[in-house]
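S.K.: Have a look at the structure that comes next, please.
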Amino acid sequence: MANRTQEVSAVVEAFAACWNVHDMTAFGDLFAPDAEFVNVVGLWWKGREAIREAHAFIHATMFKHSRLTFQSIDIRFPADTLAITRAHWTLEGHVSPQGDALPARTGLMLNVLAQTPSGWQIIDSQNTDIVDGELSRPQ
């Protein structure tokens, strides 16, 4: 890759690509072995394998036919080997635990990536649903 911005962007884009083909093995490989992930309902997974297993479960059920799209990805570098990304997303095609179709959702994902000997890896991730209402109006 030509530069670190492109390299980091490629990891974030790979997140959505793995999600959309439901390849949780490749998805897990985007994370460092000791990475952490907090999902939209506050579940907190510690370690690549826990992140991979949790996502494999939901991709076999609720997210089996889901499609994740990033509308924008913002990247900043607080240090040469550290990147912080924020991506606005839309999720479609998911179902409730009971199997009922759910409307599309939007949210904001924060990822912290570190440059490692293996390349850029996600070391921390937090996902947030954007909920319509009084408190969600643009500021």
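Positions in the sequence shown are counted from 1; adding 809 to them yields my numbering. Heads up, the beta-carbon is just placed ideally off N, CA and C, and yes, glycines get one too.
Measuring CB to CB, does Met833 end up less than 8 Å from Ala865?
M.R.: Closer than 8 Å, so yes.
S.K.: Starting from the C-beta of Gly916, find all residues in its chain whose C-beta is less than 7 Å away, skip the five residues before and the five after it, and write them out in chain order.
M.R.: Same-chain partners within the cutoff: Val849, Trp898, Asn936, Thr937, Asp938, Ile939.
S.K.: So, for Gly851: in the same chain, excluding its five sequence neighbours on each side, which residues have a beta-carbon less than 8 Å away from its beta-carbon?
M.R.: So the list is empty, once near-sequence residues are dropped.
S.K.: Could you compute how far the alpha carbon of Arg885 sits from the alpha carbon of Ser927?
M.R.: Using only the alpha carbons, I get a separation of about 20 Å.
S.K.: Quick check on Ile893: does DSSP put it in helix, strand or coil?
M.R.: DSSP places Ile893 in strand when its eight states are reduced to three.
S.K.: Quick check on the burial criterion: 16 or more other C-beta atoms within 10 angstroms. Buried or exposed for His874?
M.R.: With fewer than 16 other Cβ atoms within 10 Å, it is exposed.
S.K.: Using 10 angstroms around the beta-carbon of Leu911, count the other beta-carbons present and answer buried if the total reaches 16, otherwise exposed.
M.R.: Label assigned to Leu911: exposed.
S.K.: With a floor of 3 residues, list each beta strand (DSSP E) that falls wholly inside the stretch 816-857, ordered by position along the chain.
M.R.: Counting whole runs of 3 or more residues, the stretch 816-857 contains the beta strand (DSSP E) stretches 840-847, 853-855.
S.K.: Residues bridged to Met918 by DSSP?
M.R.: Paired residues: Ala896, Asn936.
S.K.: Should Trp853 be labelled buried (16 or more other beta-carbon atoms within 10 Å of its own) or exposed?
M.R.: It is exposed - the Cβ of Trp853 has fewer than 16 other Cβ atoms within 10 Å.
S.K.: Could you give the residue range of the beta strand (DSSP E) that holds Pro887?
M.R.: It spans 876-888 - the beta strand (DSSP E) in which Pro887 sits, taken as one unbroken run.
S.K.: Under 6 Å Cβ to Cβ from Met871, same chain only, skipping five residues before and after it: list those, please.
M.R.: Counting only Cβ-Cβ distances below 6 Å, and skipping sequence neighbours, we find His903, Val904.
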